[in-house]
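Protein chains: 4
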Amino acid sequence: MAQNSSRAPGRHFLQIPGPTPVPDRVLRAIDMPIIDHRGPEFAKMAKKALEGIKTIFKTSNPVIIYTATGTGAWEGALVNTLSPGDKVLMIETGQFATLWKKMAEKFDLQPEFIKTDWRVGADPAAIEAHLRQDTGKEIKAVCVVHNETSTGCASDIAAIRKAIDAAGHPALLMVDTISSLGSADYRHDEWGVDVAIGGAQKGLMLPPGMSFNALSPKALEAYKTSKLPKSFFDWADMINMNKVGFFPYTPATLMLGGLVESIGMLHEEGLDNVFARHDRLGEAVRRAVKHWGLEILCRDPKYYSSTVTAILLPDGHDADAFRGIALEHFNISYGASFGALAGKYFRIGHLGDTNDTTIMGALAATEMALSLAGVPHKKGGVQAAMDYLVSAHATPARVAAE
Amino acid sequence: MAQNSSRAPGRHFLQIPGPTPVPDRVLRAIDMPIIDHRGPEFAKMAKKALEGIKTIFKTSNPVIIYTATGTGAWEGALVNTLSPGDKVLMIETGQFATLWKKMAEKFDLQPEFIKTDWRVGADPAAIEAHLRQDTGKEIKAVCVVHNETSTGCASDIAAIRKAIDAAGHPALLMVDTISSLGSADYRHDEWGVDVAIGGAQKGLMLPPGMSFNALSPKALEAYKTSKLPKSFFDWADMINMNKVGFFPYTPATLMLGGLVESIGMLHEEGLDNVFARHDRLGEAVRRAVKHWGLEILCRDPKYYSSTVTAILLPDGHDADAFRGIALEHFNISYGASFGALAGKYFRIGHLGDTNDTTIMGALAATEMALSLAGVPHKKGGVQAAMDYLVSAHATPARVAAE
Amino acid sequence: MAQNSSRAPGRHFLQIPGPTPVPDRVLRAIDMPIIDHRGPEFAKMAKKALEGIKTIFKTSNPVIIYTATGTGAWEGALVNTLSPGDKVLMIETGQFATLWKKMAEKFDLQPEFIKTDWRVGADPAAIEAHLRQDTGKEIKAVCVVHNETSTGCASDIAAIRKAIDAAGHPALLMVDTISSLGSADYRHDEWGVDVAIGGAQKGLMLPPGMSFNALSPKALEAYKTSKLPKSFFDWADMINMNKVGFFPYTPATLMLGGLVESIGMLHEEGLDNVFARHDRLGEAVRRAVKHWGLEILCRDPKYYSSTVTAILLPDGHDADAFRGIALEHFNISYGASFGALAGKYFRIGHLGDTNDTTIMGALAATEMALSLAGVPHKKGGVQAAMDYLVSAHATPARVAAE
Amino acid sequence: MAQNSSRAPGRHFLQIPGPTPVPDRVLRAIDMPIIDHRGPEFAKMAKKALEGIKTIFKTSNPVIIYTATGTGAWEGALVNTLSPGDKVLMIETGQFATLWKKMAEKFDLQPEFIKTDWRVGADPAAIEAHLRQDTGKEIKAVCVVHNETSTGCASDIAAIRKAIDAAGHPALLMVDTISSLGSADYRHDEWGVDVAIGGAQKGLMLPPGMSFNALSPKALEAYKTSKLPKSFFDWADMINMNKVGFFPYTPATLMLGGLVESIGMLHEEGLDNVFARHDRLGEAVRRAVKHWGLEILCRDPKYYSSTVTAILLPDGHDADAFRGIALEHFNISYGASFGALAGKYFRIGHLGDTNDTTIMGALAATEMALSLAGVPHKKGGVQAAMDYLVSAHATPARVAAE
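Protein chains in written order, with full-length UniProt numbering: chain Y, 1 to 402; chain P, 1 to 402; chain G, 1 to 402; chain B, 1 to 402.
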């Protein structure tokens, strides 16, 4: 549509699985004059942010706020707890799990990698089995991606905790919650996670540029013996300065104001309502995809993600070309594909500050783009999604906001 | 959906026929520090705005920029050209035409009102016939609403000009372009309009708070003999001060910056592309409505508006209740109904900074809300709209932007 | 400084007596998506604005909110209460009083004008004397500018009320509070004012584009018999629709959000603290001017304005050239001069969202620009202002915010 | 002044030496909808940012853009070029040099530290002498802070380059330009710097959250043999992906838009004009301080910084208490003090988007706060600064903007 014009009119439909659309309230809270990051007004705001983020992770332990994107928080998790040569157990749920494993190698860790075909989440039984074999307890950490953004497969963290316990293994449990936090239920303390990695730019509805490590007492214990070098991502100074509302070095002042606002918005809606909304929108998307006769990358419903759905195109159809057509005609962006299946699928993000009407617009654009791109599909996916949403709205199960 | 929450997540679908969604670029251009409205920087900006707005009206005559909404510009048109007791010919195309007539009465003008059932636009033949009967040429102005926002019926201004000429009548032609300007073709000079009334908050994509009078030499001549009192809306001081880039009294400084930005955006896209986009989206909406088996208020396709479609609900169904359900579940606002048909129809605005994907989201929300509200309709309207849009996008007729 | 550059670095010092610098909080509150101006969210906001603005005028009577600048509110005051041929008593305090008188003439009113040399406020004794002569009670309204922005002379409204009462005259009292409201004390009900005219862009810290009429029961009575034509500025529909949180025609939606924010900010600081701040800054400016040996236009201290100070340059020195030099070198704007003294003085605005440090920057820029422009003056004005402010801050008389 | 109020009216004077006030144009450029960080629009913007930042460093070599604050870029410089056990020569110019040294130790480097009393910059002769003694060429890098933010002492980088060359030493030259870049002249290629560390939040006028490494071919060579582990800060993937306008992981999308805007603003003004402005404002501040009879921390004029001035208070006067009084009464923030002199001095930042009038306001606030705090000083510092600025403006030496 924007063929000869430098301007694509109307609102862009940003259906990548994050960074997600930043609500105007959050953008405006960020669009404020800089304040002294060592003054009293800042300390008040920082304490509010530091306390608030705990309610999102559902933890009473400290949460580290990094001025860095999620990749930095991955690094923070590793360098603060481990030492060169340490074994870690990682599960190849997809591209991001693979990148995290590559990072571990860069830090001279020895990842053992449970392979998958990138079409399922992490299997607790496989983890348990693997740990049972580690009779010398050489594995120092189990690293799992809660919601694998690259594939739309989610993993059951509570079950993985149980698997580790069942194996009687002392390894730390590290969980990447980047594309689940603030969109799908995550319970740091209850599930016994030791280090969680979170990002601002997904369910927290902030621009990219901030990430998190939620800790456990055991993780803080591991810090003491960890020998990997660290400075920017070092927890100790951070925790110490945070106590009085400051940071050991200049933090992203304006982003902290945005974080306070976004946390407030999540609680205004009510976290359980937020999760139910994501579940509902995820199901609507899957109904459409199934009706079209296209294949969902995640091949087992028990791993379906509530925040992102990856869709395989039939052989001979280039998913990147499809995305280009959709962008050109319908002002919509999807997530790209990775790994062995690069070019074969695209991803619809349905997370963050979004709603039924937006997702229906996105699905309509998708169905129309499938036609324009000549991708074989059965019409009516949009109708199937609508039918589902009508039924979901007809029997509301909404709870009171907090 | 927002039953128990103070927050409706995601983007609101503002499908009222204006004020329309303000693009972020325009909002940010307005969100700027105040500058001295008598300083050199302001004069530069004001001249840019004053010249730019002429390109939207397609006129080489002066355009008056009021710090007032459209109602103020209606008043400006009347008080600057007419005298108490003057006869004016007005056409009852709907609510806004009726309000304009009431305003005329408040100013002691004598409106003659060509009645309609609010389901068609203005009929050039009826105007011609009426004027021919005015052998004393007592009618001083013919006042027409180009696009009646309350009904979704548009009128053919060029044909009305011809009708006036055919009647050999000297009356001024005044045209309300509030919900057409910047969305549907309007040619002030070519069509021989004497006073056009425009507003900022529709096709020009600005917040409400600014309106316009485009003039003709004949209108300026009429000013000289007009006896209605005027001050805030007086053209003379305005034209005089505008020549050097200033205003006779404090103007809405920030809105002028927004106006420069929005005019730039319309030209980036290309006015003809803008109009084609509105035509396409209007047709998509009508395809859906027709498929649903609902009645479009505008009963003659030749009057279909490209910017707003009014939809009648079947007897026994309250359109306001329907709007409430749609707002609650799908975060969407429609236009209300007026006059004899109040409560019987709702209006979908499809104008301003919008696009295919947004309108498809809105249509899906509408079809779902019809179900939730128990309004009888035939499913598949969304599909019909998609089918149309796919065909429209498959054969692009886009021209190069200016 | 910006000689060869298109960019003047740093913050502009906007020392015109309004529009004043809009605080970021207010600008951001305006920089928000448009909402349906006939929906429930809007009604809530509008009621908040309509109730809030009463607390600023200190009235329990209705306040009309116009989408227009102050000139429009002047017109609203006249056309809603008076009839053609009515006599009104006006006092020539300066440029704006003169413009208001010209407007009265345009509406066929018969202003009687108490002359001044533009260097004092309105004299209650002269008003009383004038009214006593009007034995036929033909004068229907006394129109006074509370704070004459063009000269920096303020008038004592309470005393004028007493003068009218002493004369036993039934005329309405109309007061222009445009550059005093929200900066200097104004008590609509207590002082017995019938119609007050206010603007958004001064003490209320909003961008220009909104203005007010505060009413009295007597003014509402006068409305019933008033014969001047009115529509855009008509009170009746406005009051009626406002009751349910709506407006008879599209209002400036976003500005209303800004108004709610700015009223909140005034109360956060506390109105009495706001007034004390303006008094203090006004005195600081006058101390500097007096030390420089320049003449304050307002020649009687009892009329000194707390929001704007006009400063005469010595003969042979062009105030406009001086303003140009200050703008070029020090990125500061002053108010221009008017009337018989045009070119002979400039005005420093010290109102709205400002503080001691900003005003000291402005005074330093002024003293430096006097040097660069070769205007004879005694150095040390900035020092005199600092000495005063130090003493004022050393003995705080601040009250608790509301 | 804000004793009993939650609101300090007017603009805050942020005179900390960074983060500096973000211009509205930059804040608004950041306050924009998120775009797909793997889409064509992003790639265009990223390339513009990546090319633009080179013009600020004056380099034709790659510049790495980190989503991290300056501390992260320090880490990037070390881990990409060095190996555990490497010796580095660092110069203790103040707090930040000391922190950088501590970081080096955390990475098992062996810093040799040339001590100072924190009241001078780095001495090229001392560096040369130190390097000459390193006959085994064990020192792998010389690390210097160009402008020590904690003390207001600047170092002559060109002279240090010559000193290294004179010693015939192959060590890399690493320079922290955090509080100089974009405010004081810095010539990466011409001065032969190997790794420069820059931050967004000072002369570049962005919010904190972005930092830079400018490289040299020699630095890229060192990368190949460097054995320190790295991932988030790793140059290789970054350079590779940047070539096509992308990043190896999600970057701070919105900040990149702000960077493009701020680079544009620096060139609009002209870099040489920017530097001259900083020189002028720095001198004005020093004139005031000297007149007050207070001591400038930097004890040798050849090291005076153009961006920040540290001011010692007389014995018995607590600089932090002074800062509190200034904040309370005059809405101004200064930089705090560090190290052995903590509590004894405060710092005035005069960098970034600022101008003469702002700095004069800040100096007036400072002189008034000195009085209120009972700090002995000779009145007239503000006058001395004004006298200097008048003379500077009377003989402009401005060059044409680029």
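Quick reminder that beta carbons are idealized off the backbone N, C-alpha and C, glycines included.
Neighbour flag for residue i against chain G, beta carbons, 8 Å
i               : result
A384 of chain P : no
P33 of chain Y  : yes
T354 of chain B : yes
D36 of chain Y  : no
R28 of chain Y  : yes
Residue i in three-state terms, based on DSSP
i               : result
G293 of chain P : coil
M205 of chain Y : coil
N80 of chain G  : coil
S371 of chain B : helix
K311 of chain B : Looking at the sequence itself, residue 311 of chain B is Ile, so the reference to Lys does not match. The answer is strand: DSSP assigns I311 of chain B an E or B state.
F338 of chain B : coil
R347 of chain Y : strand
Distance, residue j Cα to residue i Cα
i               : j               : result
S155 of chain Y : E105 of chain Y : 23 Å
E128 of chain P : K48 of chain B  : 60 Å
M1 of chain B   : L363 of chain B : Residue confidence for M1 of chain B is low, a pLDDT of 34 falling below 50, so the modelled location carries little weight; the figure read from the coordinates is stated next. Cα-Cα distance, rounded: 18 Å.
P248 of chain P : A122 of chain G : 25 Å
K290 of chain Y : A342 of chain Y : 21 Å
G209 of chain B : H317 of chain G : 50 Å
A310 of chain Y : F322 of chain B : 59 Å
S5 of chain Y   : E269 of chain P : Note that S5 of chain Y scores 44 on pLDDT, short of 50, meaning its location in the model is unreliable; the coordinates nonetheless yield the value given after this. If you take the alpha carbons of S5 of chain Y and E269 of chain P, they lie about 5 Å apart.
V22 of chain G  : H188 of chain B : 41 Å
K102 of chain B : G293 of chain Y : 60 Å
C-beta neighbour in chain P for residue i, strict 8 Å
i               : result
R11 of chain B  : no
N331 of chain Y : yes
T67 of chain G  : yes
Distance cut-off 7 Å: residue i Cβ against heavy atoms of the ligand FMN
i               : result
G198 of chain P : Among the components modelled here there is no ligand, and therefore nothing to report on the ligand FMN.
Neighbour flag for residue i against chain B, beta carbons, 8 Å
i               : result
D320 of chain Y : no
G361 of chain G : yes
R187 of chain G : no
V22 of chain Y  : yes
G349 of chain Y : no
M255 of chain Y : yes
Test: residue i CB closer than 8 Å to a CB of chain Y
i               : result
G258 of chain B : no
H393 of chain P : yes
TODO: Determine contact between the region 233 to 247 of chain Y and the region 44 to 63 of chain Y, defined as no fewer than three beta-carbon pairs at a distance below 8 Å.
DONE: yes
- [ ] Please confirm if the region 165 to 175 of chain B is in contact with the region 141 to 153 of chain B, defined as three or more CB-CB distances below 8 Å between the two stretches.
- [x] yes
TODO: Report yes or no: do three or more beta-carbon pairs, one from the region 215 to 225 of chain B and one from the region 262 to 282 of chain B, lie closer than 8 Å?
DONE: no
Open item on the list: Going residue by residue through the region 221 to 289 of chain P, where are the continuous alpha helix (DSSP H) segments of at least 4 residues, counting only ones entirely within it?
Closed with: 235 to 242, 253 to 269
Open item on the list: As an exercise, report each continuous beta strand (DSSP E) stretch of at least 3 residues that is fully enclosed by the region 124 to 207 of chain P, in chain order.
Closed with: You should have 139 to 145, 172 to 176, 195 to 199.
Open item on the list: Please give the ranges of any beta strand (DSSP E) in the region 53 to 114 of chain P, keeping only runs that are unbroken, at least 3 residues long and fully inside the region.
Closed with: 63 to 66, 87 to 91, 110 to 114
Open item on the list: Assess contact between the region 189 to 207 of chain Y and the region 249 to 259 of chain Y, defined as three or more Cβ pairs (one per stretch) separated by less than 8 Å. Is contact present?
Closed with: yes
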